[in-house]
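Colleague: Using our numbering, read the sequence shown as starting at 1342 and increasing by one per residue.
Idealized CB from N, CA, C, for every residue including glycine.
Since the model is a prediction, treat every value here as computed from it, not as a measurement.
Mind having a look at this structure? Questions to follow.
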Amino acid sequence: MTQNDQQDEHGHGPANLQRRQLLASAAILGVAPWLLSACASSASSNTSPTAPAQSARSGFLPASQRRMLGTLEVSSLGLGCQWVPAAVEGSVSDRYGSTIERKAAIELIRTAFDRGVTLFDTAEAYGPYLSEEVVGEALQGIRDQVVIETKYGFSFDPQQAQARGGRDSRPEHIKQVVEAMLKRLRTDRIDLLYQHRVDPQVPIEDVAGAIKDLIAEGKVLHYGLSEPGIQTIRRAHAVHPLAAIQNEYSMLWRGPETDVLPVCEELGIGFVPWSPLGMGFLTGTINADTRFAEDGQREFRASVPRFAPDALPANMALVEVVETWAQRKDATPAQLALAWLLAQKPWIVPIPGTTKIAHLEENLGAAAITFTDEELAELNAAVAAVPIQGDRLPPAVMQMSGVEAPLPR
Ligand SMILES: NC(=O)c1ccc[n+]([C@@H]2O[C@H](COP(=O)([O-])OP(=O)(O)OC[C@H]3O[C@@H](n4cnc5c(N)ncnc54)[C@H](OP(=O)(O)O)[C@@H]3O)[C@@H](O)[C@H]2O)c1
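Right, here's the structure in full:
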């Protein structure tokens, strides 16, 4: 087993104590873990499932701006729901040093829906399990009006909620974890199911075949791949049409422009950029002196080379570009960074993550920002002129990207 096989997309190691304690407490009390969080849905129970009227730049996504991921219609921006157990019981942490009460995470999701967001991204690995549970709870009562996307592909011990290490996309494993996902998400179908990372042991034809079975059963409606190799995209698509590829893409990491986006365009596959705000870097809240303290899985940036003290000062040149253009477009840096992504292709749907309703509302305002062709060309050139120092991910996580699945035996 290689080092990267003991980690997930963000280099998660075995799950933490907090989560085990929660599950143990749940087992002792004989209740589902989500019931241990106090009054989690009370904040949202008064939330109307009917979206309010549109207003420009106010952080509302009108239905007229929906986008297509393959044949799946979604809001032009989604919400990333990636939380891990916090040090404090009843709270959740993101991967970037923020902690909120679990009921605040639920309120965030409900607010996103009220503001026109219909796409919610999560994964089995986020927690593990915790994020799917929060999403499932938050979407009660509005389930039929939203699109849930989640991901499988790593190996976990369900009793311990702990990473076993390694990827696992064997067809029987996929079918097994989908049953558990449906329970956590409190639904009877997953709108868009991604393979989180290519399994180097399993032909993609076998993976797509398993998904096809799940689609025939109505348990999965559409499927996608995250960070796959190019030939793997083509081979999967030949078995059953892919709805979306989910890769890192932002002004800070433009790798998909080389070959992934052209393949998506050619095959009619949607594209969902993860870390569209460059893990917060593009929002103007990080400077050359920012240091990220190690905090287990609660501060991922501490292990990312491009945020290391020797890389940050040079990389700040990109933030200057973002800030200059944000001013020019009467926008905030976060809005500018998201609007840039939206402007690249009409089938791109970013899924920014946040722990704050104010940031959520700000981010949704990006959909109201447009560029002329000349502006976009000028901005693209300015972004391209900044050489970024340091890799986008730690080596063990990088090794799992762009992997080609083995050929069928
Ligand atoms: N497929 C994959 O392998 C993969 C990998 C990573 C992530 N993802 C998905 O992609 C989603 C988004 O990516 P991400 O969360 O890694 O990165 P991101 O969206 O690029 O950045 C999130 C960071 O930006 C900050 N932020 C958001 N809006 C802001 C604003 N308006 N002003 C200032 N700061 C702001 C957040 O802090 P605050 O909480 O303070 O707002 C947080 O620290 C995740 O939630 C997850 O669903 C998928």
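Per DSSP, what are the beta-bridge partners of residue 1563 in this structure?
Modeller: Residue mapping note: residue 1563 aligns to position 222 of the sequence shown, counting from 1. DSSP lists 1533 as partners of residue 1563.
Colleague: Taking the alpha helix (DSSP H) that residue 1570 falls in, what are its first and last residues?
Modeller: As a working note, residue 1570 is residue 229 in the sequence shown. It is not in any alpha helix (DSSP H) - residue 1570 carries neither H nor E in the DSSP assignment.
Colleague: Express the C-alpha separation of residue 1488 and residue 1664 in angstroms, rounding to a whole number.
Modeller: Start at 1 with the first residue of the sequence shown, and residue 1664 comes out as number 323. Start at 1 with the first residue of the sequence shown, and residue 1488 comes out as number 147. In a straight line, the C-alpha of residue 1664 is about 33 Å away from that of residue 1488.
Colleague: Could you check if residue 1618 belongs to the surroundings of ligand 1, using beta carbon to heavy atom distance under 7 Å?
Modeller: As a position in the sequence shown, residue 1618 is number 277, starting the count at 1. Yes, since a heavy atom of ligand 1 falls inside the 7 Å radius drawn around the Cβ of residue 1618.
Colleague: Taking the alpha-carbon positions, what's the residue 1410 to residue 1503 distance?
Modeller: Stepping through the sequence shown from its first residue, residue 1410 is reached at position 69. Stepping through the sequence shown from its first residue, residue 1503 is reached at position 162. Answer to the nearest angstrom: the Cα atoms are 32 Å apart.
Colleague: Checking 8 Å against the spacing of the C-beta atoms, do residue 1581 and residue 1532 come in under that value?
Modeller: Here residue 1581 refers to the residue found at position 240 when the sequence shown is read from its first residue. Here residue 1532 refers to the residue found at position 191 when the sequence shown is read from its first residue. Here residue 1581 is not near residue 1532, since their CB atoms are 8 Å or more apart.
Colleague: CB of residue 1462 to nearest heavy atom of ligand 1: below 7 Å?
Modeller: Residue mapping note: residue 1462 aligns to position 121 of the sequence shown, counting from 1. At least one heavy atom of ligand 1 is nearer than 7 Å to the Cβ of residue 1462, so yes.
Colleague: Per DSSP, residue 1648 forms a beta bridge with which residues?
Modeller: One-based indexing of the sequence shown puts residue 1648 at position 307. Answer is none; residue 1648 lacks a bridge partner.
Colleague: Could you give the residue range of the beta strand (DSSP E) that holds residue 1409?
Modeller: Taking the first residue of the sequence shown as 1, we reach residue 1409 at position 68. That run of the beta strand (DSSP E) goes 1408-1410.
Colleague: With a threshold of 7 Å on Cβ separation, who are the neighbours of residue 1631 within its own chain once the five nearest residues in sequence on each side are excluded?
Modeller: Start at 1 with the first residue of the sequence shown, and residue 1631 comes out as number 290. Only 1653 meet the Cβ criterion.
Colleague: Return the first residue and the last residue of the alpha helix (DSSP H) that residue 1665 is part of.
Modeller: Stepping through the sequence shown from its first residue, residue 1665 is reached at position 324. It spans 1653-1669 - the alpha helix (DSSP H) in which residue 1665 sits, taken as one unbroken run.
Colleague: Quick check on the DSSP output: what are the complete alpha helix (DSSP H) runs of length 4 or more inside the region 1465-1524, in order along the chain?
Modeller: 1471-1479
Colleague: Got a sec: does ligand 1 put a non-hydrogen atom nearer than 7 Å to the Cβ of residue 1421?
Modeller: On the sequence shown, position 80 is the one that residue 1421 refers to. The answer is yes for residue 1421.
Colleague: Please tell me whether residue 1472 has its Cβ less than 8 Å away from any Cβ of chain B.
Modeller: Looking at the structure shown, chain B is missing, and only one protein chain is on hand.
Colleague: Classify residue 1597 as helix, strand or coil using the three-state DSSP reduction.
Modeller: Along the sequence shown, read from residue 1 onward, the residue named residue 1597 stands at position 256. Reduced to three states, the DSSP call for residue 1597 is helix.
Colleague: Can you tell me whether residue 1614 is helix, strand or coil according to DSSP?
Modeller: Counting from 1 along the sequence shown, the entry for residue 1614 is found at position 273. DSSP places residue 1614 in strand when its eight states are reduced to three.
Colleague: Helix, strand or coil: which one does DSSP assign to residue 1641?
Modeller: Counted from its first residue, the sequence shown places residue 1641 at position 300. Residue 1641: helix per DSSP, three-state reduction.
Colleague: Return the first residue and the last residue of the alpha helix (DSSP H) that residue 1585 is part of.
Modeller: Translated into positions along the sequence shown, residue 1585 becomes position 244. Segment 1585-1589 is the beta strand (DSSP E) holding residue 1585; no alpha helix (DSSP H) there.
Colleague: Does the Cβ of residue 1670 lie closer than 7 Å to at least one heavy atom of ligand 1?
Modeller: In the sequence shown, residue 1670 corresponds to position 329, counting from 1. No.
Colleague: Within its chain, find whatever has a CB closer than 8 Å to the CB of residue 1750; leave out the 5 residues flanking it on each side and keep chain order.
Modeller: Stepping through the sequence shown from its first residue, residue 1750 is reached at position 409. If we look at residue 1750 and ignore the five residues flanking it on each side, its Cβ neighbours are 1544.
Colleague: Whole angstroms is fine: what's the gap from residue 1597's alpha carbon to residue 1569's?
Modeller: By one-based count along the sequence shown, residue 1597 stands at place 256. By one-based count along the sequence shown, residue 1569 stands at place 228. Each residue's alpha carbon lies about 11 Å from the other.
Colleague: By the three-class DSSP mapping on this structure, what secondary structure does residue 1742 have?
Modeller: Working through the sequence shown from its first residue, we reach residue 1742 at position 401. Secondary structure of residue 1742 (DSSP, three-state): coil.
Colleague: What is the residue span of the alpha helix (DSSP H) that residue 1547 lies within?
Modeller: Numbered from its first residue, the sequence shown carries residue 1547 at position 206. Its alpha helix (DSSP H) spans residues 1545-1557.
Colleague: If I measure Cβ to Cβ from residue 1552 and keep anything under 8 Å in the same chain, skipping five residues before and after, which residues do I get?
Modeller: On the sequence shown, position 211 is the one that residue 1552 refers to. Counting only Cβ-Cβ distances below 8 Å, and skipping sequence neighbours, we find 1515, 1534, 1561, 1564, 1581.
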